[in-house]
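First residue of the sequence shown: 98, per the numbering used here; consecutive thereafter.
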Amino acid sequence: MRFRLALFAFSIFSLDAISSPLINHEQAEIQTDCFKGIFSDYNSWREFLIEKKSTQLKSEGEVKKYIKRFEENFSRKQFEYFRDSLSCKTFQYINDGIDVKGYVIKPKLHDKPLPVLIYNRGGNGSFGTMVFGSMMNNLFPVADQGFVIIGSQYRRSNSKYKLLDEFGGKDVDDVVALQKFIPAIVGADSSKVGMYGASRGSMQTFLALKKMNNIKAVASIAGVSDLLKGLEYRPEMENVYKKRIPLYEKNKTSELQKRSVLRWVDQLPSDVPVLLLHGTKDKRVSVNHSITLAKAFSKTGVPHKLVLYAGDSHGLRNNKAKSHKEIANWFKQHL
Numbered sequence: 098m099r100f101r102l103a104l105f106a107f108s109i110f111s112l113d114a115i116s117s118p119l120i121n122h123e124q125a126e127i128q129t130d131c132f133k134g135i136f137s138d139y140n141s142w143r144e145f146l147i148e149k150k151s152t153q154l155k156s157e158g159e160v161k162k163y164i165k166r167f168e169e170n171f172s173r174k175q176f177e178y179f180r181d182s183l184s185c186k187t188f189q190y191i192n193d194g195i196d197v198k199g200y201v202i203k204p205k206l207h208d209k210p211l212p213v214l215i216y217n218r219g220g221n222g223s224f225g226t227m228v229f230g231s232m233m234n235n236l237f238p239v240a241d242q243g244f245v246i247i248g249s250q251y252r253r254s255n256s257k258y259k260l261l262d263e264f265g266g267k268d269v270d271d272v273v274a275l276q277k278f279i280p281a282i283v284g285a286d287s288s289k290v291g292m293y294g295a296s297r298g299s300m301q302t303f304l305a306l307k308k309m310n311n312i313k314a315v316a317s318i319a320g321v322s323d324l325l326k327g328l329e330y331r332p333e334m335e336n337v338y339k340k341r342i343p344l345y346e347k348n349k350t351s352e353l354q355k356r357s358v359l360r361w362v363d364q365l366p367s368d369v370p371v372l373l374l375h376g377t378k379d380k381r382v383s384v385n386h387s388i389t390l391a392k393a394f395s396k397t398g399v400p401h402k403l404v405l406y407a408g409d410s411h412g413l414r415n416n417k418a419k420s421h422k423e424i425a426n427w428f429k430q431h432l
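As structure tokens, this is what we get:
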């Protein structure tokens with residue numbers, strides 16, 4: 098990760114005021130700084146975790162081990178660098194009459210409008226939500242390379258009696274709806290838009306791509322390309338599908354095929370290049386999903402690049418910095 102100094106002076110796009118919105122659009126509501134409350138200071142974040150884990154873990158030794166791992170994954174130097182270098186805000190927007198939460202991240206200092214990346218998270222429902230730690234670990238390093246990143250948390254409900262996330266159904270429209278905000282982001286170049294996602298977010302990316310005509314390049318991290326095949330590798334995912342996908346038990350095959358890019362590769366634009374990243378020891382999504390998809394792209398003429406990380410896991414933990422650089426270079430090349 099580059100801990101560079103800002104060496105150039107104030108420009109018309111630099112130093113976004115803390116109180117100013119990052120999205121000048123009336124439908125981007127409740128814009129709130131990510132670096133506030135317990136995240137305004139490294140010590141307050143750390144002390145919050147100590148207090149929280151002291152009630153959850155059995156011994157002081159376990160708490161100390163947890164905090165040691167925290168400090169290894171989220172160093173003070175990294176935190177303070179990103180806090181000083183990036184603007185980050187969460188916001189709320191309405192889609193299909195439903196309140197949806199989103200976020201936008203961008204460098205504070207830049208001398209020209211920046212390309213925009215739509216990021217699609219993994220998980221389902223509330224699981225996998227892009228909380229502060231997830232942003233710092235996965236998004237801040239990419240934004241720091243000179244990108245605006247905007248993303249949706251997808252429609253979801255805190256009520257266990259009302260499920261809104263359809264795992265690749267109407268929730269895809271929450272991603273598509275982000276398009277209207279891009280021209281209104283301070284310092285964004287709306288003519289240069291890419292999209293990428295991890296795990297379930299890869300599925301969202303390809304589903305959204307079919308509905309969007311302004312995407313210039315795409316990247317997929319550890320994505321499932323065939324959900325039926327995925328069940329053979331990880332059968333417990335059927336519990337998620339039963340819970341999330343409408344009419345799943347009645348229309349299992351057709352609903353999973355709708356969400357499987359391998360089944361409709363020929364419907365993807367042939368002029369949008371795709372980067373595929375995958376760890377060869379991924380225990381959640383077999384690396385064969387990306388390998389098979391790359392072969393399908395070769396047959397249909399979709400420009401692509403396949404990068405496999407030997408021995409790495411679903412989250413590419415052993416190659417975080419390399420994967421961030423690969424993603425940044427891909428979009429710099431194609432946007």
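Glycine included, C-beta positions come from ideal geometry on N, C-alpha and C.
CB-CB under 7 Å to residue i, same chain, minus the five flanking residues each way: which ones, in chain order?
i           : result
residue 173 : 139
residue 270 : 192 and 193
residue 230 : 171
residue 331 : 381
residue 379 : 319, 410 and 411
residue 391 : 373, 401 and 403
residue 153 : none
residue 466 : As displayed, the chain neither begins before 98 nor continues past 432, which places residue 466 out of reach and without an answer.
Take the Cβ of residue i as the centre, count every other Cβ of all protein chains shown within 10 Å, and call the residue buried at 16 or more, exposed below.
i           : result
residue 142 : buried
residue 302 : buried
residue 427 : buried
residue 304 : buried
residue 107 : Confidence at residue 107 is low in this model, with a pLDDT of 27, below 50, so its placement is unreliable and the value that follows should be read with caution. Residue 107 is exposed by the Cβ-count criterion.
residue 241 : buried
residue 344 : exposed
residue 246 : buried
residue 384 : buried
residue 201 : buried
residue 250 : buried
residue 217 : buried
residue 342 : buried
residue 420 : buried
residue 228 : exposed
residue 184 : buried
Rounded C-beta distance between residue i and residue j? I'm assuming under 8 Å.
i           : j           : result
residue 285 : residue 213 : 5 Å
residue 338 : residue 224 : About 14 Å separates the two Cβ atoms, so there is no contact after all.
residue 188 : residue 120 : 6 Å
residue 373 : residue 401 : 6 Å
residue 243 : residue 275 : With a Cβ gap of about 20 Å, residue 243 and residue 275 do not count as contacting.
In terms of alpha-carbon separation, which member of the options lies closest to residue i?
i           : options               : result
residue 131 : 182, 154 and 167      : 182
residue 283 : 329, 387 and 206      : 206
residue 363 : 165, 399, 431 and 120 : 399
residue 291 : 280, 307, 278 and 312 : 312
residue 117 : 242, 281 and 154      : 281
residue 273 : 388, 199 and 209      : 199
residue 136 : 168, 176, 218 and 123 : 176
residue 370 : 145, 424, 328 and 156 : 424
residue 195 : 260, 276 and 374      : 260
residue 393 : 415, 421 and 361      : 361
residue 267 : 276, 279, 277 and 252 : 252
residue 125 : 159, 168 and 278      : 278
residue 359 : 389, 185 and 429      : 389
residue 134 : 159, 315, 186 and 190 : 186
residue 127 : 190, 168 and 215      : 190
Does the beta carbon of residue i fall short of 6 Å from some heavy atom of the ligand HEM?
i           : result
residue 390 : The ligand HEM is not among the ligands present in this structure, which contains no ligands whatsoever.
Tell me which residues share the same chain as residue i and place their Cβ nearer than 8 Å to its Cβ, disregarding the 5 neighbours each side in the sequence.
i           : result
residue 258 : Residue confidence for residue 258 is low, a pLDDT of 49 falling below 50, so the modelled location carries little weight; the figure read from the coordinates is stated next. Cβ within range, chain order: n/a, list empty.
residue 325 : 350, 353, 354 and 357
residue 234 : 170, 171 and 417
residue 387 : 317, 319, 320, 322, 373, 374, 375, 403 and 405
residue 431 : 291, 313, 314 and 370
Apart from the five residues on each side of it in sequence, which residues of its chain come closer than 6 Å, Cβ to Cβ, to residue i?
i           : result
residue 376 : 406, 409, 410 and 413
residue 222 : 253 and 262
Is the CB of residue i under 7 Å away from at least one CB in chain C?
i           : result
residue 229 : Among the chains in the structure shown there is no chain C, since it carries only a single protein chain.
- Task: Determine, using beta-carbon pairs with one atom in the segment 311-322 and one in the segment 293-300, whether at least three such pairs fall under 8 Å.
- Result: yes
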